[in-house]
Amino acid sequence: MKSSPRRVVLGCLGLAALLGFFLTGPVLYRTFIGLAPSAFPLGQPLNDLVKRFFPNLNVSLAGVAWALLPLLAIALASFVLVMRAARRPPALADPGRRGVVAGLGTAVGALALGGFATWLRAFKGVGNEGRGWTPQGTEIFNDAGVVKTAPDPRAEWQGSRIAAYRTLGRTGWRVSDIVLGTGAIRGEDGEAVGRLALERGVNYFDTAPDYSGAGSEQAMGRALASMPRDQIFVATKFCEPNGHLPANAPVADYKRVIEESLARLGTDYVDLVHIHSCDEIDRLMSENAHEAFDRLKQEGKARFLGFSSHTPNLVQVANQAIDSGRFDVMMLAYHHGIWPEIPDIIHRARTQQDMGVVAMKTLKGARHRSMPSYTSGADAYSQAAFKWVLSNPEVSCLVVSFTKPQHVDEYLYASGKSLSQGDVALLEEYDRQIVGTYCAPHCGKCLGACPEQLPIHDVLRYRMYFEDYGREKDAIQLYSSMTERLGKNAAVCAGCSAPCLGSCPIGIAIPQRMAGAHELLTLG
Ligand code: SF4
Ligand code: SF4
């Protein structure tokens, strides 16, 4: 039976949506974890092929290709099928021209629909128990405007040295409270920054094969050569220069990548090997990875095992890692304003397994926007942020990316210092710069302005859980319980003259935020 053009169009659009949701969405989600090409079917040849067109990209392109190619294929197929259908009886008037237009329209529609389904799955976590990249991406990676380097370095910061060392859990190592992150270290300039930090008392650096396309390990290898090896704690990762090894990589591959790291670092052993940016229990507990680590340990090539995670599945991964008892160290995002589960995870890791806890992403002030100026008399934002992180005694140390000599002076000035009221004020000021979206807990100053007696602060808090903490399900449930309890919700804002407008002392545009909250929280 021949299909009418309309049926063919609908079929193509439906197929594109399914493809986006069930294939490209999950693939894109996994791609953002940073897996090596071998984590994807035909990964290496596909990666090599795509790399011909983008030779300077040092990331795994296989996942991106697997995410995009099916959508392009369905768009192309849609174009051809709709064109052919347009020529069959009952054909469209002028089937040639109109068929091309209909085919193109369907192809664009298939791309848009497939892309939308992909976005829902990969970023919003629909169909993935609410785990998508949007909240974590916003929290961790969207640091546009965060001031990482003080605009006016002070004279007293010059020559700063590490002033405090803390025990890295059961490794027993006394490590500097500020650790040299080498993600952007490369070449002679990077080597000089690395060496300067080590000379100023940093005794732990964190590198990886995929930092600067192996350039970080090479530069740090040269910097390490000038130091007594047994006084520096060196951490690297189970990965290739273009991404993390997948769970099913052979033991030999897991061993090989560390041996290659040793060669780049010019050392016989590393102190710590991380299963890096780990989002999947399979990869965390990969028998091959663990066997490879045990063998490396027996051979004296690696001493401790760790994991790092800053992905949508962080809570599950961290809890499993703690319960397994296999890990000596965990490295996870922790900073002022981080989502609330993180301190609980840290506490469990410390008290139940005596794990070392390395805080990372400490400057990623989430939704912070740049401060117009530094508060007079307070330290730099970076220093306040570090002191806040280190004020938690369960944090062993923090890792931060050093990219220029000023960072050595500025960052190390915070070592061993206590958090002051001025620091807290600075961090809170930063929070206030969240352009009028952060509803302060327990405030309630707007409540009297609402004729509907809506608990505005609760609704905005649920929205924060949804958008910023990655707790979409909780947020939707809380909003739904509130709706049941009150018999109404923020839907009423649509027909309201908004007397609440202007009642918020910190300038939250309440009607818009409430309407947006309703839209988000009734998504499910
Ligand atoms: S817009 Fe919404 S929150 Fe504001 S007064 Fe009206 S009902 Fe209350
Ligand atoms: S006045 Fe502003 S900060 Fe206070 S509860 Fe209302 S919206 Fe939140």
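Numbering (our numbering), first residue to last: 1 to 524. A virtual CB, placed ideally from N, CA and C, is assigned to each residue, including glycine. It should be emphasised that the depicted structure is a prediction, and the values quoted were computed from it without experimental measurement.
Judged by DSSP in its simplified three-state form, residue 379 adopts coil rather than helix or strand.
If you draw a 10 Å sphere on the C-beta of residue 199, you find fewer than 16 other C-beta atoms in it, and that means exposed. In terms of Cα proximity to residue 427, the closest of 227, 330, 363 is 363.
Residue side-chain check: residue 518 keeps its Cβ at 7 Å or more from all non-hydrogen atoms of ligand 2. Distance from the Cα of residue 102 is smallest, within the candidate group 117, 119, 81, for 81. In the three-state DSSP reduction, residue 271 falls in the strand class (E or B).
The beta carbon of residue 350 sits closer than 8 Å to the beta carbons of 169, 357, 394 from its chain, once the five residues preceding and following it are set aside; these are given in chain order.
The bridge partners DSSP lists for residue 244 are 35, 239. Inclusion of residue 379 and residue 423 in the CB contact set at 8 Å is warranted, their separation being smaller than that value.
If you check the CB distance, residue 269 and residue 300 come in under 8 Å. Counted as a single uninterrupted DSSP element, the alpha helix (DSSP H) harbouring residue 8 occupies residues 5-19. DSSP places residue 190 in the helix class (H, G or I) of the three-state scheme. The DSSP-derived three-state label of residue 326 is coil. Judged by their CB atoms, residue 106 and residue 13 are nearer to each other than the 8 Å cut-off. Of the candidates 187, 516, 158, 219, 158 places its Cα closest to the Cα of residue 406.
When the alpha-carbon of residue 509 is set against those of 521, 495, 460, 479, the nearest one is in 460. Rounded to the nearest angstrom, the gap between the Cα atoms of residue 448 and residue 502 is 12 Å. Nearest Cα to residue 274 within the set 327, 457, 519, 516: 327. Ranked by how close their Cα comes to the Cα of residue 36, the residues 65, 86, 9 have 65 in first place.
The beta carbon of residue 346 sits closer than 6 Å to the beta carbons of 357, 394 from its chain, once the five residues preceding and following it are set aside; these are given in chain order. Annotation: residue 360 is outside any alpha helix (DSSP H); the continuous beta strand (DSSP E) that includes it extends over 356-360. Comparing alpha carbon positions, the residue from 452, 487, 486, 408 closest to residue 495 is 452.
Of the residues assessed, residue 21 falls on the buried side of the cut-off, its CB having 16 or more other CB atoms within 10 angstroms. In this structure, DSSP gives residue 462 a helical state, which the three-state scheme calls helix.
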